[in-house]
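Undergrad:
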Amino acid sequence: MREDLVVRARGITKCFGEVVALDGVDLDVAQGQVHGLVGPNGAGKTTLLGLLLGLGVPDGGELEILGSPVRRTLALPDGIAGFVDGPGLYPALTARQNLVALERLRGGGVGIDEVLAQVGLTDVADDRVRGFSLGMRQRLGLAAALLTRPRLLVLDEPANGLDPAGTRQVHRVLTGLAATGTSVVLSSHRMDDLAALCSDVTLLAAGRVVFSGPIGKLATQTDQLDYRVRVSDPTAARRIAEDTPGLRILTDDDVLRRPDVEALLVRGPEPALDDLIARLVGAGVAVRELAPVIAPLEAAFLALTRGSDASSRDDPSGDDPSREDPGRDEQGEEEH
Amino acid sequence: MSATAVTVSQPDARPAPVRGTYRFELVKLLSQWRIRLLFAACWLGPGVLVAGVSQQSSLPADTVFGRWMSQTGWAGTLVGLSFSGTFLLPLVTALVAGDVFAVEDRLGTWRHLLVAVRSPRRIFVAKALASLSVLALLLAGLPASSIVGGLAAVGNRPLVGLDGHLLTPAHAAVAVLAAWACALAPTLAFAAVGWLGSVAFGRSPLGLVLPALLALALQAAQILPLPVVVRAALPNYAFVAWHGLFTDPAQAGSVVVGVAVALVWALAATALAYAMFMRRDFTDVAYDGLGAGIFVWTVLPTVALLVAGVGMLAALTPASGSGVDKAKLDASLATAYGHLYRMQTTQLHRPDVTEAQLQATASCDKGGSLVEDVGPGNDWRCVVTWHLPGTKATGSAIYQLDVNPDGRYVADGDGPQEVNGFFQVRTPVGNAPNPLWQFDGSVDLLTSTSKG
Chain A
148 MREDLVVRAR GITKCFGEVV ALDGVDLDVA QGQVHGLVGP NGAGKTTLLG LLLGLGVPDG
208 GELEILGSPV RRTLALPDGI AGFVDGPGLY PALTARQNLV ALERLRGGGV GIDEVLAQVG
268 LTDVADDRVR GFSLGMRQRL GLAAALLTRP RLLVLDEPAN GLDPAGTRQV HRVLTGLAAT
328 GTSVVLSSHR MDDLAALCSD VTLLAAGRVV FSGPIGKLAT QTDQLDYRVR VSDPTAARRI
388 AEDTPGLRIL TDDDVLRRPD VEALLVRGPE PALDDLIARL VGAGVAVREL APVIAPLEAA
448 FLALTRGSDA SSRDDPSGDD PSREDPGRDE QGEEEH
Chain B
12 MSATAVTVSQ PDARPAPVRG TYRFELVKLL SQWRIRLLFA ACWLGPGVLV AGVSQQSSLP
72 ADTVFGRWMS QTGWAGTLVG LSFSGTFLLP LVTALVAGDV FAVEDRLGTW RHLLVAVRSP
132 RRIFVAKALA SLSVLALLLA GLPASSIVGG LAAVGNRPLV GLDGHLLTPA HAAVAVLAAW
192 ACALAPTLAF AAVGWLGSVA FGRSPLGLVL PALLALALQA AQILPLPVVV RAALPNYAFV
252 AWHGLFTDPA QAGSVVVGVA VALVWALAAT ALAYAMFMRR DFTDVAYDGL GAGIFVWTVL
312 PTVALLVAGV GMLAALTPAS GSGVDKAKLD ASLATAYGHL YRMQTTQLHR PDVTEAQLQA
372 TASCDKGGSL VEDVGPGNDW RCVVTWHLPG TKATGSAIYQ LDVNPDGRYV ADGDGPQEVN
432 GFFQVRTPVG NAPNPLWQFD GSVDLLTSTS KG
């Protein structure tokens with residue numbers, strides 16, 4: 148029994164007409180946890196985040212946020228902030244005007260200058276958002292979410308468009324929030340982001356949960372990983388790899404765009420790879436590089452969601468019904 | 012997932028106040044460059060145009076009151092009102108109200124706004140009020156600017172009404188303001204249609220142009236020889252019904268019906284827009300308007316409203332057919348002639364006569380003996396007779412009438428030349444425009460023939 152759950156979802160379903168966006172989704176988010184939502188297009192991530200923000204109610208199942216059951220649209224306790232489908236900003240207003248408007252509507256627990264400084268936008272506070280890059284908009288969206296000192300922060304792809312420095316800044320803010328007890332639920336396509344930020348992840352595919360738990364456990368969900376081994380003697384290494392039980396040698400074309408004559412590509416479980424390394428060293432072949440071709444998290448993602456794109460049973464196009472939004476590209480051009 | 016127990020239930024967050032939401036919507040609207048351009052256009056354009064046109068030798072005589080633009084500063088603003096009702100007001104309304112909801116779809120800001128305000132109802136109210144406020148400020152510029160332009164260019168002089176009677180400048184001012192006020196009702200209806208389109212079509216530009224398209228369609232309908240009850244059941248009828256304010260007595264029935272019908276359309280469209288908005292599921296970010304549901308939500312109610320309006324007007328008013336017939340034209344032309352004859356008498360410095368002394372009568376005929384004397388058309392021919400002051404003889408003059416379906420007509424004098432056959436009269440101080448040569452008149456379409 149856990150008393151500290153900020154989000155508790157059981158058997159959530161959500162349909163848009165005949166499209167089933169969520170199909171029996173369970174989700175637990177504890178206080179102070181950074182929880183990642185990951186999944187291919189059409190998985191239902193944005194729909195689930197929208198429900199956490201109170202933008203709609205589930206068609207079925209139970210959803211409790213901050214201890215309150217969600218029964219009506221927008222009927223949520225105070226302390227929930229965030230954005231889905233991109234940060235909602237008005238391009239004709241300055242960054243500060245956007246935040247002032249929000250502060251007037253919802254009240255502010257944190258000063259505008261403070262949140263602007265937190266996301267590194269102090270210097271452009273009085274510039275119109277129209278001229279902001281995608282990364283700057285993402286950071287301003289985060290600043291808007293921070294204004295009310297939320298207890299639950301819901302972010303849809305917050306790292307979209309961020310440069311490395313911006314990414315680090317956002318990571319710093321989010322981990323700082325989590326350390327003070329704020330729960331964060333974020334979606335991302337970038338597994339490195341999730342690995343850096345999240346303690347737990349939920350992997351959705353075609354509206355269903357295919358994995359939920361600690362991120363470290365996700366990496367072990369596939370026992371077949373592809374590795375590149377760069378050695379001093381490729382010919383000998385190839386011979387040794389062929390003799391190693393459980394390993395399969397791959398051709399370059401299987402996994403690499405550029406052929407690499409000095410590298411050996413192998414696929415197999417970790418113990419088999421350990422065995423290969425021991426054999427190479429024993430045979431006097433120097434191992435100069437050993438690296439996964441695909442990160443373990445990404446490999447696990449691909450393994451768990453393989454076929455889900457094709458099985459997008461409710462959306463023949465395979466696109467996320469709640470993801471493809473052509474209007475988002477127009478944000479920078481709109482005068483409002 | 013482990014079994015869980017949750018924390019103690021907490022009260023829901025309160026929605027943001029309507030006042031704050033309204034202020035935010037105003038800020039957003041006023042930050043748009045096109046709204047700022049509209050302000051400049053509405054507050055400066057009419058004055059410049061009216062002042063400029065009033066100084067021209069060729070006046071827009073095909074527009075009601077256009078022929079008087081060089082005579083009084085109050086005519087230009089009424090020409091502006093006629094033009095505004097045809098296209099300008101629906102266009103301005105479209106640009107403001109037709110985009111107030113759709114812009115959130117285009118910017119992808121709906122979810123942000125909902126999370127901030129936490130009440131779709133308050134958002135709808137705030138957006139409607141904010142767009143109405145901006146519209147009111149824009150529309151106030153049209154009469155203000157055109158009145159100032161007209162008075163500055165021509166002067167504060169009496170205005171000739173649509174039955175030939177002379178309105179003093181003070182009365183003209185009241186009537187002009189009342190006429191612009193009448194136009195607010197159909198403008199409100201177009202604003203509501205704008206909200207409806209903005210909600211129904213999402214980011215599609217169709218929502219933005221819906222009021223303008225509707226205005227064009229309704230304008231076309233007003234030109235067609237439709238039965239008067241159909242014409243009066245359309246939301247833009249008040250855009251012509253204000254003509255009735257410039258007769259004595261005023262054609263109050265038409266004005267009231269026009270305003271009431273427009274307000275009913277406004278209420279109906281607002282209610283539909285509100286219902287549609289409240290039904291929308293904002294977790295569906297793929298939403299892009301109602302799609303096939305548009306027929307159910309917009310076309311069917313429009314048809315139902317029109318049918319109900321026609322039925323009500325048919326039952327409650329004595330009007331029938333086109334509303335234009337011989338008796339109404341006879342009475343209207345004779346009245347106008349009597350008033351204008353007195354004006355000409357004054358111009359010529361002749362002894363004043365009263366309308367009662369003149370006992371002017373008119374007899375109109377449409378298209379000869381083979382055509383029934385009803386309905387609009389440019390084939391009306393009328394003979395006006397009156398008693399010459401101080402003699403037992405009667406005078407007569409001929410007019411060709413071009414009668415529009417909306418009840419307005421243009422009487423074109425056909426002689427004798429010294430009475431109504433020439434555009435100028437020779438006065439003791441020189442040539443002056445002949446008031447009996449060509450003039451505008453108006454018949455009340457919603458009265459019965461017997462009343463006419």
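Taken in sequence, the protein lines are chains A and B. Under the working numbering, residues 148 to 483 are what the first sequence spells out, in order. Under the working numbering, residues 12 to 463 are what the second sequence spells out, in order. Positions of the beta carbon are idealized from the N, C-alpha and C atoms, including for glycine.
So A/Val376 and A/Val434 are in contact, right, with Cβ under 8 Å, and what is the actual spacing, rounded?
TA: On the first sequence, residue 376 of chain A is found 229 positions in, with the first residue counted as 1. On the first sequence, residue 434 of chain A is found 287 positions in, with the first residue counted as 1. The Cβ separation is near 7 Å, so the contact holds.
Undergrad: Taking all protein chains shown into account, decide if B/Gly264 is buried (16 or more other Cβ within 10 angstroms of its Cβ) or exposed.
TA: For the purposes of this step, residue 264 of chain B is taken as the residue at position 253 of the second sequence. So B/Gly264 counts as buried.
Undergrad: Are the C-beta of B/Gly304 and some C-beta of chain A separated by less than 7 Å?
TA: Here residue 304 of chain B refers to the residue found at position 293 of the second sequence. No, because no Cβ of chain A sits closer than 7 Å to the Cβ of B/Gly304.
Undergrad: Consider the Cβ of A/Ala248: report whether some Cβ of chain B lies at a distance smaller than 7 Å.
TA: The count along the first sequence starts at 1 and reaches residue 248 of chain A at position 101. Judged by the 7 Å Cβ criterion, A/Ala248 is in contact with chain B.
Undergrad: Examine chain B for any beta-carbon lying closer than 7 Å to the beta-carbon of A/Thr194, and answer yes or no.
TA: As a position in the first sequence, residue 194 of chain A is number 47, starting the count at 1. Yes, A/Thr194 counts as interfacial toward chain B.
Undergrad: Give the straight-line distance between the Cα atoms of A/Thr160 and B/Leu188, rounded to the nearest whole angstrom.
TA: Locating residue 160 of chain A in the first sequence gives position 13, where the first residue counts as 1. Locating residue 188 of chain B in the second sequence gives position 177, where the first residue counts as 1. Looking at the two C-alpha atoms, the distance is approximately 58 Å.
Undergrad: To the nearest angstrom, how far is the alpha carbon of A/Thr193 from that of A/Asp232?
TA: The residue given as residue 193 of chain A occupies position 46 in the first sequence. The residue given as residue 232 of chain A occupies position 85 in the first sequence. Their backbone Cα atoms lie some 7 Å apart in a straight line.
Undergrad: Closer than 7 Å by beta-carbon distance: list the chain A residues that pair up with B/Phe112, in chain order.
TA: In the second sequence, the residue the question calls residue 112 of chain B occupies position 101. Per Cβ cutoff of 7 Å: no residues; B/Phe112 is ~12 Å from chain A at best.
Undergrad: Going along the chain, which residues of the region 31-50 of chain B sit with their C-beta nearer than 8 Å to a C-beta in chain A?
TA: Gly31, Thr32, Arg34, Phe35, Val38, Lys39, Ser42, Gln43, Trp44, Arg45
Undergrad: Do you know how far the Cα of B/Gly269 is from the Cα of B/Asn431?
TA: Taking the second sequence and counting its residues from 1, the one referred to as residue 431 of chain B is at position 420. Taking the second sequence and counting its residues from 1, the one referred to as residue 269 of chain B is at position 258. If you take the alpha carbons of B/Asn431 and B/Gly269, they lie about 34 Å apart.
Undergrad: Put A/Arg315 into one of helix, strand or coil per three-state DSSP.
TA: Taking the first sequence and counting its residues from 1, the one referred to as residue 315 of chain A is at position 168. In this structure, A/Arg315 counts as helix in the three-state DSSP scheme.
Undergrad: Give every residue of the same chain whose Cβ lies closer than 7 Å to the Cβ of A/Cys345, excluding the five residues on either side of it in the sequence, and list them in chain order.
TA: Residue mapping note: residue 345 of chain A aligns to position 198 of the first sequence, counting from 1. Cβ within range, chain order: Val181, His182, Gly183, Ile362.
Undergrad: Is the CB of B/Ala52 under 7 Å away from at least one CB in chain A?
TA: On the second sequence, position 41 is the one that residue 52 of chain B refers to. Not an interface residue.
Undergrad: Nearest-angstrom Cα distance between A/Ser458 and A/Ala190?
TA: Here the question's residue 458 of chain A lines up with position 311 in the first sequence. Here the question's residue 190 of chain A lines up with position 43 in the first sequence. Here A/Ser458 scores only 43 on pLDDT, less than 50, and its place in the model is too uncertain to base an answer on.
Undergrad: Taking DSSP as the reference, what is the three-state secondary structure of B/Phe450?
TA: Taking the second sequence and counting its residues from 1, the one referred to as residue 450 of chain B is at position 439. Strand, per DSSP.
Undergrad: Any idea if B/Met289 is buried or exposed, counting beta-carbon neighbours within 10 angstroms, 16 or more meaning buried?
TA: Here the question's residue 289 of chain B lines up with position 278 in the second sequence. Exposed, because fewer than 16 other Cβ atoms sit within 10 Å of the Cβ of B/Met289.
Undergrad: Measuring CB to CB, does A/Gly342 end up less than 7 Å from A/Leu444?
TA: Position 195 of the first sequence, counted from the first residue, corresponds to residue 342 of chain A. Position 297 of the first sequence, counted from the first residue, corresponds to residue 444 of chain A. The residue you asked about is not Gly; residue 342 of chain A is Ala in the sequence shown. Contact flag set, yes.
Undergrad: My parser needs the alpha helix (DSSP H) runs of 4 or more residues fully inside the region 189-255 of chain A; what are they?
TA: 192-199, 242-253
Undergrad: For chain B, find out if any of its Cβ atoms is closer than 7 Å to the Cβ of A/Phe163; answer yes or no.
TA: Residue numbering aside, residue 163 of chain A sits at position 16 when the first sequence is read from its first letter. Answer yes: the Cβ-Cβ gap between A/Phe163 and chain B drops below 7 Å somewhere.
Undergrad: Can you tell me whether DSSP reads B/Gly304 as helix, strand or coil?
TA: What you label residue 304 of chain B is simply residue 293 of the second sequence in a count that begins at 1. Reduced to three states, the DSSP call for B/Gly304 is helix.
Undergrad: Which ranges does the alpha helix (DSSP H) cover as unbroken runs of at least 4 residues, wholly within the region 352-425 of chain B, from first to last along the chain?
TA: 366-369
Undergrad: Tell me, please, which residues DSSP counts as bridged to A/Ser359.
TA: Position 212 of the first sequence, counting from 1, holds the residue named residue 359 of chain A. Note: A/Ser359 sits in a beta bridge opposite A/Thr349.
Undergrad: Residues of chain A with CB closer than 7 Å to the CB of B/Leu125, please, in chain order.
TA: Start at 1 with the first residue of the second sequence, and residue 125 of chain B comes out as number 114. By Cβ distance, chain A contributes Leu202, Leu221.
Undergrad: Counting Cβ pairs, one atom from each stretch, are 3 or more of them under 8 Å apart for the region 336-349 of chain B and the region 393-401 of chain B?
TA: Flag = yes, the region 336-349 of chain B and the region 393-401 of chain B touch.
Undergrad: Using the three-state DSSP reduction, which class does B/Asn431 fall into: helix, strand or coil?
TA: Position 420 of the second sequence, counted from the first residue, corresponds to residue 431 of chain B. If DSSP states are grouped into helix, strand and coil, B/Asn431 belongs with the helices.
Undergrad: Can you list the residues of chain A that B/Arg133 reaches, using a CB-CB cut of under 8 Å?
TA: By 1-based counting over the second sequence, the position of residue 133 of chain B is 122. The premise fails here: B/Arg133 is roughly 10 Å from chain A at the closest Cβ pair, so nothing lies under 8 Å.
Undergrad: From A/Leu246 to B/Gly334, what does the alpha carbon distance come to, in whole angstroms?
TA: Counted from its first residue, the first sequence places residue 246 of chain A at position 99. Counted from its first residue, the second sequence places residue 334 of chain B at position 323. If I take the Cα positions, the gap works out to 59 Å.
Undergrad: Locate the alpha helix (DSSP H) running through A/Val167, then write down its first and last residues.
TA: In the first sequence, the residue the question calls residue 167 of chain A occupies position 20. Counting along the chain, A/Val167 falls outside any alpha helix (DSSP H), though it belongs to the beta strand (DSSP E) covering 166-177.
Undergrad: Can you name, in chain order, every residue of its own chain whose Cβ lies under 6 Å from the Cβ of B/Pro246, other than the five neighbours on each side?
TA: For the purposes of this step, residue 246 of chain B is identified with residue 235 of the second sequence, where counting begins at 1. Apart from the 5 residues on each side of it in sequence, B/Pro246 sits with its Cβ closer than 6 Å to the Cβ of Pro197, Ala200, Ala273, Trp276 in its chain, given in chain order.
Undergrad: Got a sec: is the Cβ-Cβ distance from A/Tyr374 to anything in chain B below 7 Å?
TA: Locating residue 374 of chain A in the first sequence gives position 227, counting from the first residue. It does not: the Cβ of A/Tyr374 has no partner Cβ on chain B nearer than 7 Å.
Undergrad: Quick one: residues in its chain with C-beta nearer than 6 Å to the C-beta of B/Trp54, no 5 flanking neighbours on either side, listed in chain order?
TA: Position 43 of the second sequence, counting from 1, holds the residue named residue 54 of chain B. Closer than 6 Å at Cβ, skipping near neighbours: Gly152, Ser156.
Undergrad: Thinking C-alpha only, which one of B/Trp191, B/Gly91, B/Ala27 is nearest B/Ala249?
TA: The sequence position of residue 249 of chain B within the second sequence is 238, counting from 1. Considering only alpha carbons, the answer is B/Trp191.
Undergrad: For B/Gly418, decide whether its Cβ has a neighbour in chain A, counting only Cβ atoms nearer than 7 Å.
TA: Numbered from its first residue, the second sequence carries residue 418 of chain B at position 407. It does not; no Cβ of chain A falls within 7 Å.
Undergrad: Which residues bound the alpha helix (DSSP H) around B/Ser265?
TA: For the purposes of this step, residue 265 of chain B is taken as residue 254 along the second sequence, with counting starting at 1. That run of the alpha helix (DSSP H) goes 263-290.
Undergrad: Using a Cβ-Cβ distance cut-off of 7 Å, determine whether B/Val17 contacts chain A.
TA: Reading the second sequence from its first residue, position 6 is the one you call residue 17 of chain B. Reliability of the predicted coordinates at B/Val17 is poor, the pLDDT of 42 falling under 50, and no value is obtained from them.
Undergrad: Could you give the distance in angstroms between the alpha-carbon of B/Lys377 and the alpha-carbon of B/Val440?
TA: As a position in the second sequence, residue 377 of chain B is number 366, starting the count at 1. As a position in the second sequence, residue 440 of chain B is number 429, starting the count at 1. Computed Cα separation, rounded: 39 Å.
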